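Listed in order, the protein sequences are those of chains D and L.
Numbered by this note's numbering, the letters in the first sequence go through residues 198 to 624 in order.
Numbered by this note's numbering, the letters in the second sequence go through residues 3 to 161 in order.
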Amino acid sequence: MNSFSLRLPLGAAAIAGSLLLYASRPTAPRLAPDPDNAGLKLPAGFGALKVAETGGKARHLVVMPNGLIYVKLNSAKDGKGIVVLKPGADGRATVAGGFGSYGGTGIATQGGYLYASSDVAVYRYKLDGQDQVTNQSQPELVVHGLKKENEHESKSIALDPTGNLYVNVGAYSNACQEKDRERGSKGMPNCPILDSAGGIWQFKTDRLGQREQDGTRYATGLRNVVGLDWNKQDNKLFVMQHGRDQLHDNWPALYGDKESALLPAECLYELSAGANAGWPYVYYDQQKKQLMQGPEYGGDGKTPAKGNYLKPAAAYPGHMAPNGLLFYTGSMFPAKYRNGAFIAFHGSWNRAPEPQAGYFVVFQPFKDGQPSGQWEVFADNFAGSAAKAASGRADHRPCGLAQGPDGSLYVSDDSKGTIYRIMYNAK
Amino acid sequence: MRGFRYIALAGLLATGIYSLPAQQAPVKLPGTVRPKPHPTPSSPLAASMARGQRVYKNVCLTCHQADGGGVPNMNPPLIKTDYVLGDKKRLVGIVLRGLKGPNEIEGETYTQNMPAQAYLTDLNIADVLTYVRNSFGNKASAVTPAEVHALRDAPAAGQ
């Protein structure tokens with residue numbers, strides 16, 4: 198991979214050239230989608246193209262005002278954990294180098310900085326006037342020493358407009374059982390995991406070298422969050438929780454496998470400082486529309502939750518693994534999408550022996566900063582076919598979401614590393 | 003009488019009818035080539051495989067999936083791995099005591115721990131491992147309840 202570094206200066210020159218071209222264009226050109234819409238099923242009027250193949254497990258991504266794309270890979274490829282994609286005239290992009298030797302999930306940008314996370318730390322990079330990273334090999338260390346055990350390791354990040362950084366620290370457990378995922382094992386009293394994980398931690402963006410204990414536990418009782426975004430209308434952080442697994446496997450006398458394939462809900466939460474969503478003590482049953490007591494803590498599938506916990510703002514069927522959340526603020530898509538939420542459902546595994554589900558991007562309408570109305574599948578068939586989705590053997594798995602400067606929706610796939618771009622083409 | 007039943011079963015199989023009463027039904031193994039010569043349903047191996055398939059469905063399938071292919075980045079495949087085809091003691095130990103990650107399996111790193119399944123009986127474990135070692139394209143010797151029993155109180159493996 199020596200030729201890689203040799204090509205870099207050339208690549209940088211090419212980026213600068215194409216950015217000039219891009220910026221000088223008076224109106225954005227209408228881009229032709231792929232003839233098959235990149236294999237996706239979309240609502241009428243929408244089209245899609247494959248932007249690029251990163252060849253890595255593409256987790257979250259950001260698109261800069263000039264069209265440059267930064268993609269965070271789950272594990273570094275050829276020593277590079279962040280891939281740079283340079284936009285071309287046809288709406289696609291080409292790989293133009295990379296940096297950051299660590300794998301991870303989170304990436305976000307604000308105020309002239311690019312922030313990216315490993316599974317234990319958050320770094321930031323200074324951007325120049327062309328949105329290019331100036332200190333590729335010497336990022337500033339914003340946070341380190343984040344709790345990481347053998348489960349839910351990814352540290353997704355979000356930024357608010359007032360200089361705060363939000364980091365998910367996932368619980369290193371399914372339901373805080375004494376023996377994780379063992380049949381019939383009881384929940385630990387006063388779940389000790391919550392001291393250092395199972396919540397969202399808040400840090401200052403401009404303080405370097407913070408450790409987890411220097412931050413604030415902003416919200417707790419969240420098992421694992423991968424998709425999260427700041428809502429500018431409501432001025433609140435919204436997060437998608439991955440609901441607990443294995444109600445039937447671990448409590449076969451209380452839950453049938455059909456029930457357990459749909460329960461509990463994958464939940465959207467609107468957070469405020471001090472919020473407690475109740476994991477591991479409770480879960481949300483989207484059919485009963487009720488918080489329920491978890492079976493590890495005396496529940497039996499019928500007992501409503503004891504205690505007062507945050508109710509979800511919206512709920513979706515179980516195990517579909519929401520990995521990306523994006524509030525759409527663009528004007529390319531029709532008005533109904535404005536300020537609504539897109540959610541990338543990575544796809545289930547814990548529905549077996551029932552058919553798996555997910556592998557699509559959902560649209561959740563919002564009004565005045567609150568979910569309003571029924572969610573719908575927006576972009577489907579990342580799996581390649583209904584049979585591949587049902588068996589869980591999907592070709593592609595949607596993970597990250599980002600909005601482009603023209604209002605296109607970008608979706609990353611952490612299975613094959615494809616980057617998609619969805620556009621509205623009708624008048 | 004026995005011979006007659008076998009021929010009748012074979013006939014039913016040939017016409018694709020599998021809806022026999024449960025205790026007589028030959029096991030249909032999804033995605034596997036039927037071994038030749040075809041063991042009669044009453045052979046010890048076939049009986050163990052049939053029981054093992056049931057244990058697999060009830061206990062292992064949720065994580066390792068119906069095709070034994072596992073779940074990317076989470077639960078490893080059970081297809082021709084060293085763990086499945088190799089040392090039976092290590093394999094039995096995984097079911098009895100679980101497996102602590104991270105481990106590299108078929109070139110991928112898995113961090114999540116496998117929970118112990120020690121509540122299963124010696125026969126359950128022997129059957130399910132015999133089933134796994136002879137399904138999903140695997141071919142290896144059977145595991146016996148005595149082999150499992152001998153390891154019940156042995157120290158933890160694979161740490």
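The C-beta atom is built at its ideal place from N, Cα and C for all residues, glycine as well.
Bear in mind the structure is a predicted one, so any value in this text is a computation, not a measurement.
What residues from chain L crowd round residue i, counting only those whose CB sits closer than 8 Å?
| i | result |
| --- | --- |
| residue 443 (chain D) | 64 |
| residue 376 (chain D) | 117, 118 |
| residue 549 (chain D) | 63, 64, 67, 68 |
| residue 582 (chain D) | Near residue 582 (chain D) there are no residues of chain L at all, since even the closest Cβ is about 16 Å away, more than 8 Å. |
Note down the Cα distance separating residue i from residue j, rounded to an integer number of angstroms.
| i | j | result |
| --- | --- | --- |
| residue 94 (chain L) | residue 81 (chain L) | 16 Å |
| residue 395 (chain D) | residue 476 (chain D) | 8 Å |
| residue 549 (chain D) | residue 417 (chain D) | 29 Å |
| residue 454 (chain D) | residue 124 (chain L) | 25 Å |
| residue 100 (chain L) | residue 71 (chain L) | 19 Å |
| residue 377 (chain D) | residue 307 (chain D) | 38 Å |
| residue 497 (chain D) | residue 485 (chain D) | 14 Å |
| residue 142 (chain L) | residue 317 (chain D) | 41 Å |
| residue 619 (chain D) | residue 605 (chain D) | 6 Å |
| residue 325 (chain D) | residue 264 (chain D) | 14 Å |
| residue 527 (chain D) | residue 622 (chain D) | 14 Å |
| residue 230 (chain D) | residue 246 (chain D) | 5 Å |
| residue 7 (chain L) | residue 140 (chain L) | Because residue 7 (chain L) sits at a pLDDT of 36, beneath the cut-off of 50, its placement in the model cannot be relied upon, and the following sentence gives the value as read from the coordinates. Going by the C-alpha atoms only, they are around 29 Å apart. |
| residue 458 (chain D) | residue 428 (chain D) | 31 Å |
| residue 297 (chain D) | residue 283 (chain D) | 17 Å |
| residue 59 (chain L) | residue 97 (chain L) | 15 Å |
| residue 132 (chain L) | residue 266 (chain D) | 50 Å |
| residue 412 (chain D) | residue 471 (chain D) | 13 Å |
| residue 373 (chain D) | residue 388 (chain D) | 6 Å |
| residue 68 (chain L) | residue 371 (chain D) | 22 Å |
| residue 232 (chain D) | residue 397 (chain D) | 42 Å |
| residue 587 (chain D) | residue 66 (chain L) | 15 Å |
| residue 36 (chain L) | residue 75 (chain L) | Here the model assigns residue 36 (chain L) a pLDDT of 48, short of 50, so the residue's position is not dependable and the matter cannot be decided. |
| residue 448 (chain D) | residue 281 (chain D) | 46 Å |
| residue 580 (chain D) | residue 148 (chain L) | 44 Å |
| residue 242 (chain D) | residue 272 (chain D) | 36 Å |
| residue 78 (chain L) | residue 107 (chain L) | 7 Å |
| residue 91 (chain L) | residue 134 (chain L) | 15 Å |
| residue 391 (chain D) | residue 359 (chain D) | 27 Å |
What are the boundary residues of the beta strand (DSSP E) that residue i is part of?
| i | result |
| --- | --- |
| residue 246 (chain D) | 243–250 |
| residue 573 (chain D) | 573–576 |
| residue 463 (chain D) | 463–468 |
| residue 609 (chain D) | 606–610 |
| residue 522 (chain D) | 519–524 |
| residue 559 (chain D) | 557–561 |
| residue 147 (chain L) | Taken as a continuous stretch (DSSP letters only), residue 147 (chain L) belongs to no beta strand (DSSP E), being part of the alpha helix (DSSP H) at 147–151. |
| residue 538 (chain D) | 538–542 |
| residue 598 (chain D) | 595–600 |
| residue 258 (chain D) | 255–260 |
With residue i as the anchor, note down where its alpha helix (DSSP H) starts and where it stops.
| i | result |
| --- | --- |
| residue 133 (chain L) | 124–135 |
| residue 586 (chain D) | 583–588 |
| residue 305 (chain D) | First-last for residue 305 (chain D): 304–307, but that is the beta strand (DSSP E), not the alpha helix (DSSP H). |
| residue 458 (chain D) | 454–459 |
Along chain D, which residues have their Cβ under 8 Å away from the Cβ of residue i?
| i | result |
| --- | --- |
| residue 141 (chain L) | Under the 8 Å cutoff, chain D gives no residues; its nearest Cβ is about 23 Å from residue 141 (chain L). |
| residue 113 (chain L) | 347, 348, 350 |
Report, in whole angstroms, the separation of the C-beta atoms of residue i and residue j, which I expect to be a contact under 8 Å.
| i | j | result |
| --- | --- | --- |
| residue 362 (chain D) | residue 339 (chain D) | 7 Å |
| residue 460 (chain D) | residue 510 (chain D) | Residue 460 (chain D) to residue 510 (chain D), Cβ: 19 Å. No contact. |
| residue 501 (chain D) | residue 490 (chain D) | 7 Å |
| residue 608 (chain D) | residue 541 (chain D) | 6 Å |
| residue 279 (chain D) | residue 295 (chain D) | 6 Å |
| residue 262 (chain D) | residue 328 (chain D) | 7 Å |
So which residues on chain D does residue i lean against when the C-beta distance must stay under 9 Å?
| i | result |
| --- | --- |
| residue 123 (chain L) | In chain order: nothing, as chain D lies at least about 14 Å away. |
Taking residue i as the query, report the chain L residues whose CB atoms sit under 7 Å from its CB, ordered along the chain.
| i | result |
| --- | --- |
| residue 446 (chain D) | 64 |
| residue 361 (chain D) | Simply none; closest approach about 29 Å. |
| residue 379 (chain D) | 117, 118 |
State yes or no: is the C-beta of residue i nearer than 7 Å to some heavy atom of the ligand HEM?
| i | result |
| --- | --- |
| residue 407 (chain D) | Absence of the ligand HEM is noted for the structure shown, with no ligands found whatsoever. |
For a contact meaning CB atoms closer than 9 Å, what does residue i contact in chain L?
| i | result |
| --- | --- |
| residue 334 (chain D) | Going along chain L, no residue has its Cβ under 9 Å from residue 334 (chain D), so there is no contact; the nearest lies around 25 Å. |
| residue 303 (chain D) | Residues of chain L passing the Cβ test: none, with the nearest at roughly 16 Å. |
| residue 476 (chain D) | Going along chain L, no residue has its Cβ under 9 Å from residue 476 (chain D), so there is no contact; the nearest lies around 18 Å. |
| residue 276 (chain D) | Result: empty, since nearest Cβ-Cβ is about 17 Å, beyond 9 Å. |
In chain D, which residues lie less than 7 Å from residue i when you measure between Cβ atoms?
| i | result |
| --- | --- |
| residue 103 (chain L) | 347 |
| residue 109 (chain L) | Result: empty, since nearest Cβ-Cβ is about 12 Å, beyond 7 Å. |
| residue 54 (chain L) | Under the 7 Å cutoff, chain D gives no residues; its nearest Cβ is about 16 Å from residue 54 (chain L). |
Could you name each continuous beta strand (DSSP E) segment of 3 residues or more that falls completely within the region 37–111 of chain L, going from the start of the chain to the end? Secondary structure remark: continuous beta strand (DSSP E) runs of at least 3 residues inside the region 37–111 of chain L, in chain order: 105–107.
Those runs of the beta strand (DSSP E) which lie wholly inside the region 335–365 of chain D and span at least 3 residues: Taking only runs of at least 3 residues, the beta strand (DSSP E) segments lying wholly in the region 335–365 of chain D are 337–341, 354–356.
Would you list, in sequence order, the uninterrupted beta strand (DSSP E) runs of no fewer than 3 residues that lie entirely inside the region 475–511 of chain D? The beta strand (DSSP E) runs lying completely inside the region 475–511 of chain D and spanning 3 residues or more are 479–482, 487–490, given in chain order.
Entirely enclosed beta strand (DSSP E) segments - the region 388–436 of chain D, minimum 3 residues: Listed in chain order, the beta strand (DSSP E) runs fully inside the region 388–436 of chain D are 396–401, 413–417, 422–428, counting runs of at least 3 residues.
Residues within the region 73–97 of chain L neighbouring chain C, beta-carbon criterion of under 9 Å: Absent from the structure: chain C. Protein chains present are D and L.
Enumerated in chain order, which unbroken segments of the alpha helix (DSSP H) with a length of 4 residues or greater are wholly contained in the region 267–325 of chain D? Within the region 267–325 of chain D, no complete alpha helix (DSSP H) run reaches 4 residues.
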